[in-house]
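Quick note, the sequence shown lines up with residues 653 to 804 if you use this note's numbering. Here a beta-carbon is modelled for each residue, glycine too, at the ideal position from N, C-alpha and C. Model, not experiment: these values are computed from the prediction. First the structure, in the form of structure tokens, and then the observations on it.
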Amino acid sequence: MPFLHRATLALSLSARAHWTPVCFGTNAVVEQADGRVILVRHRYMPGLCFPGGGVGAGEPPQQSMLRELREEIGVTRVGSVEFLGLYTRKIWWTTNVITLFRVRGAEINFKPSLEISEIVLADPHAPPPDTSPGVRRRLAELTGAEPVSPYW
653 MPFLHRATLA LSLSARAHWT PVCFGTNAVV EQADGRVILV RHRYMPGLCF PGGGVGAGEP
713 PQQSMLRELR EEIGVTRVGS VEFLGLYTRK IWWTTNVITL FRVRGAEINF KPSLEISEIV
773 LADPHAPPPD TSPGVRRRLA ELTGAEPVSP YW
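Dropping the structure here:
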């Protein structure tokens with residue numbers, strides 16, 4: 653491939669990345685032995701969500717999810733981790749790609765922080781009214797009440 657063609661291709665891909673940015677995130681369904689799941693209340697956004705956050709540059713999604721669990725809810729140990737799915741959503745011009753994992757056997761030592769004000773143990777069949785819509789859909793999928801969708 654001639655140099656000029658490669659340079660043009662690289663510039664084209666770079667421009668596309670600026671016009672169609674992608675944010676990569678990860679979340680976890682942390683299941684307790686009694687079947688309830690842990691939801692978190694962020695101080696900077698409304699509603700209850702799964703714990704999770706952004707995936708760092710070059711960071712594997714599962715590693716990122718475990719880091720977020722330590723930071724947000726004080727996870728000290730996990731029993732098992734299962735990959736549940738990859739989802740997408742569009743927010744304005746940005747595409748979010750979100751991995752979702754199921755974590756069982758987690759031991760936690762939660763302390764409220766600047767980011768997370770509280771955790772709630774929720775019945776996945778009847779989540780609290782202020783549970784975010786995306787989390788509500790994932791819980792409905794996990795309980796078999798709804799078919800699985802690729803959209804968050």
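Classify F735: buried if its beta carbon has 16 or more other beta carbons within 10 angstroms, exposed otherwise.
exposed
Practice item. Measure the CB-CB distance between R729 and E759 and report whether it falls below 7 Å. Key: yes
message: So, does the region 710-726 touch the region 793-802, judging by three or more C-beta pairs under 8 Å?
response: no
- Task: Report buried or exposed for N679, applying the criterion of at least 16 other Cβ atoms within 10 angstroms of its Cβ.
- Result: buried
Practice task
Assign R695 to one of two classes, buried (16 or more other C-beta atoms within 10 Å of its C-beta) or exposed (fewer than that).
Solution key: exposed
Quiz item: Buried or exposed: T783, going by 16 or more other Cβ atoms within 10 Å of its Cβ?
Solution: buried
- Item | alpha helix (DSSP H) segments (min. 4 residues) lying fully within the region 704-737 | 713-725
Report task. Would you tell me roughly how many angstroms separate the C-alpha atoms of F676 and D686, rounded to the nearest one? Result -> 31 Å
Review point. How close, in whole Å, do the beta carbons of L691 and V772 come, if the pair is a contact with beta carbons under 8 Å?
Key: 5 Å
Classify G757 as helix, strand or coil using the three-state DSSP reduction. coil
- Label P779 either buried or exposed according to how many other C-beta atoms from any shown protein chain fall within 10 Å of its C-beta, with 16 as the threshold for buried. buried
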